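Heads up: the structure comes next, in structure tokens.
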Amino acid sequence: MNEIAQIRKLSLWIFFVPLIAINLCLFISQNSEFLENTFFRVDMIGRSGFSIPYLDGSLSISRASRTFPQFLIFKPAMIITAVMLYYYWSNNNNLVNKFKLSNVNYKFKTFGILSAIFLAIHSIFLGIKFDIQIYKLMRRVILLLFIIFEIIAQGILVYHFFKIKNKLSELIVNKILILKVVLVSVLALVAVLSLPLLLDKGNTHFKHALEWNYFVGVILFYLLTSLLWKRTT
Numbered sequence: 053m054n055e056i057a058q059i060r061k062l063s064l065w066i067f068f069v070p071l072i073a074i075n076l077c078l079f080i081s082q083n084s085e086f087l088e089n090t091f092f093r094v095d096m097i098g099r100s101g102f103s104i105p106y107l108d109g110s111l112s113i114s115r116a117s118r119t120f121p122q123f124l125i126f127k128p129a130m131i132i133t134a135v136m137l138y139y140y141w142s143n144n145n146n147l148v149n150k151f152k153l154s155n156v157n158y159k160f161k162t163f164g165i166l167s168a169i170f171l172a173i174h175s176i177f178l179g180i181k182f183d184i185q186i187y188k189l190m191r192r193v194i195l196l197l198f199i200i201f202e203i204i205a206q207g208i209l210v211y212h213f214f215k216i217k218n219k220l221s222e223l224i225v226n227k228i229l230i231l232k233v234v235l236v237s238v239l240a241l242v243a244v245l246s247l248p249l250l251l252d253k254g255n256t257h258f259k260h261a262l263e264w265n266y267f268v269g270v271i272l273f274y275l276l277t278s279l280l281w282k283r284t285t
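Residue numbering for the sequence shown follows this note's numbering, beginning at 53 and increasing consecutively.
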């Protein structure tokens with residue numbers, strides 16, 4: 053099926069584009085001397101010493117990505133990812149419709165596209181300075197909505213695949229489908245358990261480390277998607 057081929061390709065891009073982007077921004081942040089005497093001189097705010105934020109939470113994704121020249125990588129990468137997410141969820145909606153012999157817009161498509169929109173909005177406004185408290189609050193709310201809607205979309209899609217897994221038996225790897233269920237469940241559980249700490253004003257390093265790892269966890273769903281579908285050619 054054409055949808056399956058499109059989904060497999062899109063899922064790989066959705067995994068690798070943001071993963072490479074955030075880690076390239078981190079590399080530039082920690083190795084600013086390489087660009088010191090060039091047009092792409094790293095902004096002082098965007099510089100940091102060597103660390104592994106996945107473990108020590110020394111800096112946030114935002115700090116590593118929002119200043120010049122890192123935002124030249126981060127913003128386009130996230131906007132491109134948002135566009136690909138739109139097509140990913142649309143193709144999955146078409147695929148489920150084919151197997152269920154229906155013609156509806158499933159909730160996972162709605163939540164998935166909304167998450168893509170919020171990702172694009174967050175990326176566009178990242179690094180733009182407005183000394184307005186409501187703007188700072190809205191930026192955090194938009195990022196939170198991206199995460200919430202993304203997890204909801206992933207969960208609903210996996211649920212639909214489980215309902216029609218007998219029809220998909222020749223097309224998917226069942227163990228990968230189970231891994232997707234485990235991943236989404238862990239992401240949802242971590243989000244709920246971490247909420248009290250996230251609402252607290254302290255725990256900065258924990259929040260940063262969680263941010264890096266959680267982002268990778270969210271996009272790992274798409275790597276599993278590429279492994280879920282068996283090659284038909």
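No residue lacks a Cβ here, since even glycine has one placed at the ideal position from N, Cα and C.
Keep in mind that this is a model prediction, so the values were computed, not measured.
Assigned exposure category for residue i - 16 Cβ within 10 Å defines buried
| i | result |
| --- | --- |
| Tyr211 | exposed |
| Val156 | exposed |
| Thr256 | exposed |
| Gly254 | exposed |
| Pro105 | buried |
| Ile186 | exposed |
| Gly101 | exposed |
| Glu263 | buried |
| Leu178 | buried |
| Lys127 | buried |
| Leu78 | buried |
| Leu189 | exposed |
| Lys232 | buried |
| Leu111 | buried |
| Phe213 | buried |
Paired residues, beta bridge with residue i - DSSP
| i | result |
| --- | --- |
| Trp281 | Ile224 |
Inter-residue CB distance, residue i and residue j (contact presumed, cutoff 8 Å)
| i | j | result |
| --- | --- | --- |
| Tyr266 | Ser63 | Actually they are not in contact, since the Cβ atoms of Tyr266 and Ser63 sit about 19 Å apart, beyond 8 Å. |
| Leu107 | Ala261 | 7 Å |
| Tyr201 | Ser167 | Here residue 201 is Phe; the residue named in the question, Tyr, does not match the sequence. Confirmed, about 4 Å. |
| Leu239 | Val270 | 7 Å |
| Lys159 | Ile208 | 5 Å |
| Leu276 | Leu220 | About 15 Å separates the two Cβ atoms, so there is no contact after all. |
Residue i vs residue j beta-carbon contact at 8 Å
| i | j | result |
| --- | --- | --- |
| Ile203 | Asn144 | no |
| Leu241 | Phe198 | no |
| Leu147 | Glu55 | yes |
| Lys161 | Ser175 | no |
| Leu195 | Gly164 | no |
| Ile66 | Thr119 | no |
| Ile74 | Ile131 | no |
| Ile173 | Gln122 | no |
| Phe258 | Gly98 | no |
| Ile228 | Leu279 | yes |
| Ser103 | Val94 | no |
| Val69 | Ala116 | no |
| Ile224 | Trp281 | yes |
For residue i, the first and last residue of its enclosing alpha helix (DSSP H)
| i | result |
| --- | --- |
| Phe163 | 159–177 |
| Leu107 | 105–108 |
| Pro70 | 54–82 |
| Lys127 | 123–152 |
| Ser114 | 113–117 |
Residue i: CB within 7 Å of a non-hydrogen atom of the ligand PLP
| i | result |
| --- | --- |
| Phe126 | As far as ligands go, the structure on display features none, and thus does not contain the ligand PLP. |
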